[in-house]
Amino acid sequence: MTHEGDATKKHNRTISIVAGPNGAGKSTFVENYLNRYIDCDEFLNADLIARGLSPFAPERQALRASEIFLQRLDELAAGNSSFALETTLAGRSYQRRIPRWKELGFRVTLFFIWLPTEEIAIRRVAARVEQGGHNIAVSDIRRRYARGLKNLTTVYLPIVDDAWVLNGAVTPPEVVWRRSEGNECVGNVGVWHLIQRFERDNV
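In our numbering, the protein residues as written are 2 to 204.
This is the structure in structure tokens:
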């Protein structure tokens, strides 16, 4: 992975949305690669918040963690720091927030970590559980995989400033498609066509 995202660093206030299905490696991407693309002062992750509240049973604190996440999100959006947040994009709550963030002067960048199939996502979550990580119901993984990929193309790509779609099945993640400073570039035509076909086939 190269420093192709350096151009976005000149924008002082940026909100980075790191998205993708469960098991895609979103947190790993933030830890190892995000700073190659963009500056970030804080990372919001509801799963990490839940683990901090209850290390041995984080699922019991999911609701409280979500409340803390949203409260901190609003605090950061009212400030002057750049920050990142993690989501599966299975919902559309950020569809309302993104225009407000842009009105406040933030540049909104989306990083979507793609996986070829929901089965890969399921296997990765299972492997994470074996290593002591938190579990997610298979039905939730399947639902979030489909909704997140559909929302990516139909809801979120049209409204963010910059976007990067990355192949999370390889290490380091491969750039599949990007839009930076208004310029689009396809890094992997085959994968990009698969993503577009998924949208057409799941109307």
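We treat Cβ as the ideally placed atom computed from N, Cα and C, and that holds for glycine.
Keep in mind that this is a model prediction, so the values were computed, not measured.
Pick from the options that is closest to residue i, judged by C-alpha positions
i	options	result
alanine 85	Gly183, Arg108, Arg93 and Leu64	Arg108
threonine 15	Ile114, Lys103 and Asn46	Lys103
glycine 92	Asp42, Val190, Arg145 and Pro173	Arg145
alanine 78	Tyr95, Ala63 and Ala66	Tyr95
valine 192	Leu90, Glu185, Tyr157 and Ala170	Ala170
proline 174	Val161, Gly188 and Asp162	Gly188
valine 176	Phe70, Asp40, Ile114 and Asp42	Ile114
glycine 56	Gly134, Ile69, Gly106 and Ile142	The residue you asked about is not glycine; residue 56 is proline in the sequence shown. When each option's Cα is compared against that of proline 56, the closest is Gly134.
serine 82	Arg73, Leu90 and Thr88	Arg73
proline 159	Glu185, Thr172 and Leu116	Glu185
leucine 90	Ala138, Asp75 and Leu111	Leu111
alanine 147	Phe199, Asn36, Trp178 and Thr29	Phe199
glycine 26	Ile123, Asp42, Asp202 and Tyr157	Ile123
arginine 37	Leu54, Asp48 and Ser17	Ser17
Local conformation of residue i per DSSP, three classes
i	result
serine 181	strand
glycine 24	coil
valine 166	strand
threonine 118	coil
arginine 1	Coverage of the chain is limited to positions 2 through 204, which leaves residue 1 absent and any answer about it impossible.
isoleucine 18	strand
valine 187	strand
leucine 158	coil
valine 139	helix
valine 192	helix
valine 171	coil
Own chain residues within Cβ distance below 6 angstroms of residue i, not counting five before or after
i	result
phenylalanine 44	Val31 and Ala85
alanine 1	Absent from the structure is residue 1, since the part of the chain shown begins at 2 and ends at 204.
valine 130	Asn136
isoleucine 99	Val109 and Ile160
Beta-carbon contacts of residue i that lie in its chain and below 7 angstroms, excluding the five residues immediately before and after
i	result
arginine 180	Asp163 and Ala164
isoleucine 69	Ile50
Beta-carbon proximity list for residue i, same chain, < 8 angstroms, skipping 5 on both sides
i	result
glutamine 197	Thr154
**OP:** Only counting runs of 3 or more residues, tell me where the beta strand (DSSP E) segments fall wholly within the stretch 58-111, in order along the chain.
**Re:** Qualifying beta strand (DSSP E) stretches, in chain order: 84-88.
**OP:** Examine the Cβ distances between the stretch 117-132 and the stretch 16-36 and report whether three or more of them are shorter than 8 angstroms.
**Re:** Judged by Cβ distances under 8 angstroms, the stretch 117-132 makes contact with the stretch 16-36, as three or more pairs qualify.
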